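Participant: Below you will find the structure I want to go over with you.
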Amino acid sequence: MSTTDPDALLGPADIRELAAALGVRPTKQRGQNFVIDANTVRRIVRTAEVEPDDVVVEVGPGLGSLTLALLEAADRVVAVEIDDVLAAALPTTIAARLPEKASRFSLVHSDAMHVRELPGPAPTALVANLPYNVAVPVLLHMLERFPTIERTLVMVQAEVADRLAARPGNKVYGVPSVKANWYAEVKRAGAIGRNVFWPAPNVDSGLVSLVRRKEPLATTASRQEVFAVVDAAFAQRRKTLRAALAGWAGSPAAAEAALVEAGVSPQARGEALTVEEFARIAEAKQ
Numbered sequence: 424m425s426t427t428d429p430d431a432l433l434g435p436a437d438i439r440e441l442a443a444a445l446g447v448r449p450t451k452q453r454g455q456n457f458v459i460d461a462n463t464v465r466r467i468v469r470t471a472e473v474e475p476d477d478v479v480v481e482v483g484p485g486l487g488s489l490t491l492a493l494l495e496a497a498d499r500v501v502a503v504e505i506d507d508v509l510a511a512a513l514p515t516t517i518a519a520r521l522p523e524k525a526s527r528f529s530l531v532h533s534d535a536m537h538v539r540e541l542p543g544p545a546p547t548a549l550v551a552n553l554p555y556n557v558a559v560p561v562l563l564h565m566l567e568r569f570p571t572i573e574r575t576l577v578m579v580q581a582e583v584a585d586r587l588a589a590r591p592g593n594k595v596y597g598v599p600s601v602k603a604n605w606y607a608e609v610k611r612a613g614a615i616g617r618n619v620f621w622p623a624p625n626v627d628s629g630l631v632s633l634v635r636r637k638e639p640l641a642t643t644a645s646r647q648e649v650f651a652v653v654d655a656a657f658a659q660r661r662k663t664l665r666a667a668l669a670g671w672a673g674s675p676a677a678a679e680a681a682l683v684e685a686g687v688s689p690q691a692r693g694e695a696l697t698v699e700e701f702a703r704i705a706e707a708k709q
């Protein structure tokens with residue numbers, strides 16, 4: 424990994440100067456909180472284990488704090504930015520602060536949820552400070568759309584980080600936990616304080632690491648079929664699976680039959696099941 428040039432990274436004064444020059448005021452609507460601490464972006468790149476041959480996709484690069492650190496460590500970086508002003512400014516920032524790597528940077532000006540392809544070689548890693556309000560759908564979309572992404576490290580609201588990394592039986596285990604687990608081994612990878620952001624959010628943040636499963640789940644059910652069971656089970660999470668899955672299966676009796684065939688107690692609740700068990704239930708209905 425290359426040694427980070429401290430002059431290339433953005434500090435608090437640089438961020439405020441850039442924002443002022445662009446007339447940018449971070450908006451709550453887009454969940455914009457810019458990282459102003461160079462040590463934090465170094466830590467993220469280190470925790471993400473970015474290698475010199477990695478092609479990293481970053482969602483929501485903002486003013487470019489993390490982008491610059493990623494570009495120093497990786498082979499190339501593709502940044503996806505929805506904001507018109509930020510998208511227009513980012514290539515200029517890269518060219519000014521890291522000219523030798525500017526040709527290794529690509530920008531996709533789009534809503535990440537609408538991205539279907541990326542320029543250049545297939546991405547091997549996803550590293551991002553995800554806007555709090557869209558973190559889970561964006562993460563799941565990118566994992567589904569780009570199967571070459573082997574490693575992911577995202578910074579999200581601490582509560583979302585807890586949900587993504589939760590295990591069966593945990594009270595915050597739910598739809599995000601199961602769906603993330605469909606793609607990857609998921610774990611918490613650290614906490615991030617509020618003072619490294621501008622503006623400082625009123626919540627703490629956490630890092631979540633996702634390492635894609637080497638082998639997909641052994642199931643004849645499709646991802647859509649398994650996710651339909653997951654959605655139904657957690658839509659009425661206080662109900663037993665026999666009741667919660669009645670609509671999905673066609674009746675409580677049909678739900679019970681599928682559960683029994685899958686080796687799952689009809690009296691269990693969704694929060695007790697692994698992704699493998701959800702897959703078995705989906706198979707049982709086929």
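Under my numbering, the first residue of the sequence shown is numbered 424, with each subsequent residue one higher.
Glycine is no exception: its CB is placed at the ideal position from the N, C-alpha and C atoms.
From a predicted model like this one, the values you see are computed outputs, not experimental measurements.
#1: DSSP state of I615, grouped into three classes?
#2: Using the three-state DSSP reduction, which class does S526 fall into: helix, strand or coil?
#3: So for L633, helix, strand or coil by DSSP?
#4: Return yes when the Cβ of V577 is within less than 8 Å of the Cβ of A548, no when it is not.
#5: Enumerate in chain order the residues of its own chain whose CB-to-CB distance from R586 is below 7 Å, with the five nearest sequence positions on each side excluded.
#6: Would you grab the beta carbon distance between L513 and V464 for me? Rounded to a whole angstrom, and I think it's under 8 Å.
#7: I think A655 touches A666, with their Cβ atoms under 8 Å apart; what is that distance to the nearest whole Å?
#8: With which residues is N552 paired in a DSSP beta bridge?
#9: What ranges does the alpha helix (DSSP H) occupy inside the region 490-527, keeping only unbroken runs of at least 4 residues that lie completely in it?
#10: For the candidate residues T571, A623, E495, whose alpha-carbon lies nearest to that of P544?
#11: Going by DSSP, what residues sit across from E540 in a beta bridge?
#12: Starting from V609, follow its DSSP beta bridges and name the residues at the other end.
#13: Using a threshold of 8 Å, state whether the C-beta atoms of V479 and P546 are closer than that.
#14: Taking buried to mean at least 16 other C-beta atoms within 10 Å of its own C-beta, is S632 buried or exposed?
#15: Can you tell which of L530, A623, D507 has its C-alpha closest to the C-alpha of F457?
#16: Quick one: what does DSSP say S674 is sitting in, helix, strand or coil?
#17: Beta-carbon separation of A705 and E648 under 8 Å?
#18: Please classify F569: does DSSP put it in a helix, a strand, or coil?
#19: Per DSSP, which residues does V479 bridge with? Please list them.
Facilitator: So, to answer that:
#1: Here the question's residue 615 lines up with position 192 in the sequence shown. Three-state result, I615: strand.
#2: Residue mapping note: residue 526 aligns to position 103 of the sequence shown, counting from 1. It is helical.
#3: In the sequence shown, residue 633 corresponds to position 210, counting from 1. Correct three-state label for L633: strand.
#4: As a working mapping, residue 548 is identified with position 125 in the sequence shown. As a working mapping, residue 577 is identified with position 154 in the sequence shown. Taking 8 Å as the Cβ cut-off, A548 and V577 do not qualify as a contacting pair.
#5: The count along the sequence shown starts at 1 and reaches residue 586 at position 163. Around R586: V595, G597, P599, S600.
#6: The count along the sequence shown starts at 1 and reaches residue 513 at position 90. The count along the sequence shown starts at 1 and reaches residue 464 at position 41. Rounded, the Cβ-Cβ distance is 15 Å, inconsistent with contact.
#7: Reading the sequence shown from its first residue, position 232 is the one you call residue 655. Reading the sequence shown from its first residue, position 243 is the one you call residue 666. 11 Å between Cβ atoms; not a contact.
#8: Position 129 of the sequence shown holds residue 552. In DSSP, N552 forms a bridge with M578.
#9: The region 490-527 contains, as complete alpha helix (DSSP H) runs of 4+ residues, the segments 507-520 (chain order).
#10: For the purposes of this step, residue 544 is identified with residue 121 of the sequence shown, where counting begins at 1. Ranking T571, A623, E495 by Cα distance to P544 puts T571 first.
#11: Counting from 1 along the sequence shown, the entry for residue 540 is found at position 117. DSSP output for E540 lists no bridge partner at all.
#12: As a first step, residue 609 is located in the sequence shown; it is residue number 186 there, counting from the start. BP columns for V609 point to L633.
#13: Against the sequence shown, residue 479 aligns to sequence position 56. Against the sequence shown, residue 546 aligns to sequence position 123. Yes, the pair counts as a contact, with Cβ atoms nearer than the cut-off.
#14: Here residue 632 refers to the residue found at position 209 of the sequence shown. Buried: at least 16 other Cβ atoms inside 10 Å.
#15: The residue given as residue 457 occupies position 34 in the sequence shown. Measuring from the Cα of F457, the nearest candidate turns out to be A623.
#16: Taking the first residue of the sequence shown as position 1, residue 674 is located at position 251. Coil.
#17: Residue mapping note: residue 705 aligns to position 282 of the sequence shown, counting from 1. Residue mapping note: residue 648 aligns to position 225 of the sequence shown, counting from 1. Taking a C-beta distance under 8 Å as the contact criterion, A705 and E648 qualify as a contact pair.
#18: Residue mapping note: residue 569 aligns to position 146 of the sequence shown, counting from 1. Looking at F569 - three-state DSSP - the assignment turns out to be coil, as it is neither helix nor strand.
#19: Position 56 of the sequence shown holds residue 479. For V479, which the question treats as bridged, DSSP gives the partners V500, A548.
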